[in-house]
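Convert by adding 594 to the 1-based position in the sequence shown; the result is the number in this note's numbering. Ideal Cβ positions, reconstructed from N, Cα and C, are used throughout, including at glycine. Fair warning: this is a prediction, and the values are worked out from it, not measured in the lab.
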Amino acid sequence: MEVIISETYEEMSRLAAREVARMLNSKPNAVLGLATGSTPLGLYKELVRMHKEEGLDFSQVTTFNLDEYVGLTKDHPQSYHYFMHENLFKHINIPVQNVYIPSGTTDNYRAFCAWYEQRIREVGGIDLQILGIGSDGHIAFNEPSSSLGSRTRIKTLARQTIEDNARFFEKIEDVPVFAITMGVGTILEARQIILVANGEKKADAVARAVEGPVTSMITASALQLHPDCTVFLDRPAAGKLQMIDYYQWVQAKQPGAPKT
Ligand code: F6R
Numbered sequence: 595m596e597v598i599i600s601e602t603y604e605e606m607s608r609l610a611a612r613e614v615a616r617m618l619n620s621k622p623n624a625v626l627g628l629a630t631g632s633t634p635l636g637l638y639k640e641l642v643r644m645h646k647e648e649g650l651d652f653s654q655v656t657t658f659n660l661d662e663y664v665g666l667t668k669d670h671p672q673s674y675h676y677f678m679h680e681n682l683f684k685h686i687n688i689p690v691q692n693v694y695i696p697s698g699t700t701d702n703y704r705a706f707c708a709w710y711e712q713r714i715r716e717v718g719g720i721d722l723q724i725l726g727i728g729s730d731g732h733i734a735f736n737e738p739s740s741s742l743g744s745r746t747r748i749k750t751l752a753r754q755t756i757e758d759n760a761r762f763f764e765k766i767e768d769v770p771v772f773a774i775t776m777g778v779g780t781i782l783e784a785r786q787i788i789l790v791a792n793g794e795k796k797a798d799a800v801a802r803a804v805e806g807p808v809t810s811m812i813t814a815s816a817l818q819l820h821p822d823c824t825v826f827l828d829r830p831a832a833g834k835l836q837m838i839d840y841y842q843w844v845q846a847k848q849p850g851a852p853k854t
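This is the structure in structure tokens:
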């Protein structure tokens with residue numbers, strides 16, 4: 595894993611967005627995997643800026659979101675459909691038919707999950723997957739003890755996640771208990787992965803994901819098995835990394851590294 599540490603959230607978001615732009619410039623019809631939550635908001639803001647000011651083009655891009663709450667309709671203000679529309683899609687030129695987000699209201703989850711996986715395969719797989727990380731180390735909604743080979747399915751959210759996400763709802767009882775989520779196995783098939791994390795609250799999970807053993811108790815640790823995964827952090831989120839000096843050394847030496 596490559597670890598890139600920034601002084602601020604804004605800088606972290608800019609560097610991560612630059613990676614997405616690099617992908618779109620080399621492959622205009624790239625397939626992106628998208629996350630929701632607070633963390634990627636800065637990244638999406640930067641992509642919108644690049645679209646408006648620099649002409650970053652999404653007209654041939656296809657996207658697949660990681661997850662959705664079960665029971666929330668597309669127009670529910672806390673649904674991930676709503677989040678994506680408000681924070682990204684309505685500001686860029688992506689065709690609506692190229693946007694895929696798991697359904698939280700299907701009457702056949704099993705069939706929907708199989709179809710979602712099949713659509714990802716049919717478009718050629720995900721080129722670049724964007725991830726956040728939960729304070730319990732989850733990626734998407736793959737809570738501790740999720741199989742590292744898991745595929746898109748329904749998961750029961752951990753208490754910790756419900757508490758963390760209660761900030762978006764009026765009261766904690768309103769946070770859905772179930773979500774439909776890509777599996778760890780689904781995520782690992784993306785050709786490139788970037789994970790973004792900011793704030794001290796994520797420092798433990800980040801350290802365990804990057805430097806701890808690979809374990810289903812921290813599903814983000816499975817990213818250690820991925821050949822092309824970059825972790826973008828702000829300084830507080832990097833605060834518990836043992837190898838921080840090495841990551842910064844690598845970062846500083848990068849401009850002189852042989853081109854691969
Ligand atoms: C959301 C998702 C989750 C979040 C994680 C962190 O689509 O997949 O794994 O990335 O819960 O959420 P924030 O960024 O709100 O701290």
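Beta-carbon contacts of residue i that lie in its chain and below 6 Å, excluding the five residues immediately before and after
i: A611; result: L637, E640 and L641
i: C707; result: T746 and R747
i: A760; result: I766 and V769
i: K668; result: H675
i: E613; result: I788
i: N692; result: T656
Cβ-Cβ distance between residue i and residue j below 7 Å
i: I695; j: E662; result: yes
i: L751; j: A773; result: yes
i: Q723; j: G627; result: yes
i: L782; j: H820; result: yes
i: V825; j: L789; result: yes
i: D822; j: Q848; result: no
i: A831; j: L725; result: no
i: S600; j: D828; result: yes
i: I727; j: A814; result: yes
i: F735; j: T775; result: yes
i: V625; j: I720; result: yes
i: L660; j: G698; result: no
i: A801; j: L835; result: yes
i: V597; j: Y841; result: yes
i: V771; j: M595; result: no
i: Q712; j: D730; result: no
i: M837; j: P738; result: no
Spatial neighbours of residue i in its chain, beta-carbon cut-off 7 Å, leaving aside the 5 residues before and after
i: G833; result: E794 and A797
i: L635; result: N681
i: A816; result: L742, V778, L782 and V808
i: T602; result: D828
i: P622; result: D651 and Q654
i: E647; result: none
Range covered by the alpha helix (DSSP H) that runs through residue i
i: M780; result: Note on identity: in this sequence residue 780 is Thr, with Met being the wrong assignment. Segment V778 to L782, the alpha helix (DSSP H) holding T780.
i: S620; result: Y603 to S620
i: E757; result: R753 to N759
i: V800; result: A797 to E805
Range of the contiguous beta strand (DSSP E) that encloses residue i
i: E596; result: E596 to S600
i: R747; result: R747 to T750
i: V769; result: That residue, V769, is in no beta strand (DSSP E); it is neither H nor E in DSSP.
i: Q786; result: Q786 to A791
Sequence-distant residues of its chain with Cβ nearer than 8 Å to residue i (five each side left out)
i: H645; result: D651, F652, H685, I686 and N687
i: F763; result: Q672 and V769
i: A851; result: none
i: G718; result: V625
i: L609; result: I598, S600 and F826
i: E716; result: none
> Can you list, in chain order, the stretches of the alpha helix (DSSP H) that have 4 or more residues and sit fully within the region 665–741?
Replying inline: 674–681 and 703–716
> In the region 629–669, which residue ranges form an unbroken alpha helix (DSSP H) of at least 4 residues, counting only runs that do not cross its ends?
Replying inline: 635–648
> What are the complete alpha helix (DSSP H) segments, minimum 4 residues, inside the region 815–844?
Replying inline: none
>> Taking contact to mean 3 or more Cβ pairs, one atom from each stretch, closer than 8 Å, check whether the region 674–684 and the region 737–746 are in contact.
In response: no
>> Under 8 Å, with one C-beta from each stretch per pair, do the region 612–627 and the region 647–658 reach the 3-pair mark?
In response: yes
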